[in-house]
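Below is one structure; the comments refer to it alone.
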Amino acid sequence: MATKKSPAKKKVATKVVKKAPAKKTVKKVVAKKVAAKKTVKKVVKKPVVKKAVAKKVVAKKATPKKAAVKKPAAKKPAAKKPVAKKVSKKVVKKSSAKSPKVDQYGLEQDDEFYGLYFAKSTKKGLVEVKPCTFTLMYWWKGLLGYPDMIEISKGSNTAMLQFESTFGGGDSGETELTEKDVIDIDHIIEVDEDEMMVSLYSYVPISVPDNLIGALGLAILNINPETRYGSLELCTTENEEGNTEHFLRYRVATYLRGIKSGKVEAIESMVTNGSEFFGLALDAMCVNKSIKKWLLS
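Residues 20 to 316, numbered by our numbering, are exactly what the sequence shown covers, in order.
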């Protein structure tokens with residue numbers, strides 16, 4: 020029975036030998052796959068050369084297209100110029116709308132002298148009286164009742180009024196000047212129509228002696244800071260003989276521009292307050308006995 024089983028085992032061994040050649044065929048297939056990969060690499064190299072040629076062609080075509088685009092861009096700024104003309108036309112329309120509200124002298128409709136035209140008769144004919152000169156004339160002739168002494172320039176742009184007054188001291192005993200002390204004062208009122216300014220100049224009509232110029236100058240420096248309206252000055256001029264003379268004067272001015280109502284009252288207030296402050300300054304100067312003697316000489 021043992022001899023029968025051993026031949027059966029030999030048959031199994033022959034079957035194993037037959038399976039081994041099948042594994043070798045698998046190795047050959049793997050070698051074919053590697054060869055296929057090499058052929059793929061060669062195919063990839065050929066399209067790389069074609070791409071480089073395509074880039075050069077694109078670069079040549081792009082240069083003429085850029086030059087064509089710049090030419091229409093230069094024409095666009097020229098089209099913007101008509102826009103600026105439209106804006107300037109609107110500004111002209113606005114200014115023309117405001118012009119009817121102002122008269123020939125620049126006075127607005129709500130001004131008390133708006134649209135007023137006045138002229139006075141002189142030896143040379145009719146002379147135009149402009150607003151500031153008319154205001155001075157109304158105060159001098161209309162309110163005070165004095166005769167017309169206003170001198171008007173040829174173009175009516177300036178005017179001048181000259182008059183005299185006196186200043187007397189107080190009676191309280193606190194002033195240097197008494198009621199018996201009287202000082203003559205010369206006044207000049209000048210009108211500038213272009214500036215719409217009226218100025219008052221009040222003079223002591225006696226020239227200042229040379230030996231009092233220093234003392235008078237020191238007194239002016241001390242009094243001017245305390246003067247709330249106007250200022251004192253030393254005015255230097257030449258007489259008919261060509262000699263230099265010094266005069267003491269008080270100066271104050273007022274602007275009528277922008278005063279819609281009350282121009283006459285503004286001039287009246289200027290003259291009244293100016294005369295008062297000038298008198299107080301003269302009284303303060305008389306602390307110096309030499310100056311007082313000169314003023315009363």
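Quick reminder that beta carbons are idealized off the backbone N, C-alpha and C, glycines included.
{"query": "Contact check, Gly-328 vs Phe-186, beta carbons under 7 Å", "result": "Past the boundaries of the shown model lies residue 328; the chain is included only from 20 to 316, so the question cannot be answered."}
{"query": "Whole-angstrom distance between Lys-143 and Lys-308, CA atom to CA atom", "result": "50 Å"}
{"query": "Meets three-Cβ-pair contact criterion under 8 Å: the segment 220-227 and the segment 267-274", "result": "yes"}
{"query": "Three-way DSSP call (helix, strand, coil) for Leu-231 in this model", "result": "helix"}
{"query": "Close-in-space but distant-in-sequence residues of the same chain around Lys-90 (CB under 8 Å, 5 per side omitted)", "result": "Because Lys-90 carries a pLDDT of 48, less than 50, the predicted location of this residue cannot be relied on, and the following value inherits that uncertainty. So the list is empty, once near-sequence residues are dropped."}
{"query": "Gly-187, DSSP secondary structure in three states", "result": "strand"}
{"query": "CB contact flag (Pro-150, Tyr-124, <7 Å)", "result": "yes"}
{"query": "Chain-order list of residues whose beta-carbon lies under 7 Å from that of Val-121 (same chain, five-residue window excluded)", "result": "Glu-127"}
{"query": "Delimiting residues of the alpha helix (DSSP H) encompassing Thr-255", "result": "Thr-255 -> not in any alpha helix (DSSP H); beta strand (DSSP E) instead, spanning 250-257."}
{"query": "Ranges of the beta strand (DSSP E) found wholly within the segment 253-298, counting only runs of at least 3", "result": "263-274"}
{"query": "Reference Glu-209; option with closest CA among Val-217, Glu-147 and Asp-302", "result": "Val-217"}
{"query": "Beta-carbon proximity list for Phe-182, same chain, < 6 Å, skipping 5 on both sides", "result": "His-206"}
{"query": "Bridge partners - Lys-139, DSSP secondary structure assignment", "result": "Val-146"}
{"query": "Residues that DSSP places opposite Glu-209 in a beta bridge", "result": "Met-179 and Ser-218"}
{"query": "Range of the contiguous alpha helix (DSSP H) that encloses Ile-225", "result": "Taken as a continuous stretch (DSSP letters only), Ile-225 belongs to no alpha helix (DSSP H), as it is neither H nor E."}
{"query": "Reduced DSSP secondary structure (H/G/I, E/B, other) of Ile-204", "result": "strand"}
{"query": "Local Cβ density within 10 Å of Met-289, reported as buried at 16 or more and exposed below that", "result": "buried"}
{"query": "Selected residue, minimal CA-CA separation from Glu-214, among Ala-178, Ile-239, Phe-266 and Asn-230", "result": "Ala-178"}
{"query": "Thr-152 burial status per 10 Å Cβ neighbour count (16 or more: buried)", "result": "buried"}
{"query": "Neighbour-count burial assignment, Gly-293, 16 or more Cβ in a 10 Å radius", "result": "buried"}
{"query": "Val-148 versus Glu-195 - alpha carbon distance", "result": "43 Å"}
{"query": "The alpha helix (DSSP H) enclosing Leu-314, as first and last residue numbers", "result": "308-314"}
{"query": "Exposure of Ile-310, with buried meaning 16 or more beta-carbon neighbours within 10 Å", "result": "buried"}
{"query": "For Leu-253 and Leu-267, the rounded distance between their alpha carbons", "result": "5 Å"}
{"query": "Backbone CA spacing between Glu-212 and Ser-250 [nearest angstrom]", "result": "23 Å"}
{"query": "Distance between Ser-184 and Ile-204 (C-alpha atoms, nearest Å)", "result": "5 Å"}
{"query": "Same chain, Cβ closer than 8 Å to Asn-176, neighbours up to 5 away in sequence not counted", "result": "Lys-149, Asp-211, Glu-212 and Asp-213"}
{"query": "Sub-7 Å separation of Ser-280 and Glu-131 beta-carbons", "result": "yes"}
{"query": "Close-in-space but distant-in-sequence residues of the same chain around Ala-234 (CB under 7 Å, 5 per side omitted)", "result": "Asn-307, Ser-309 and Ile-310"}
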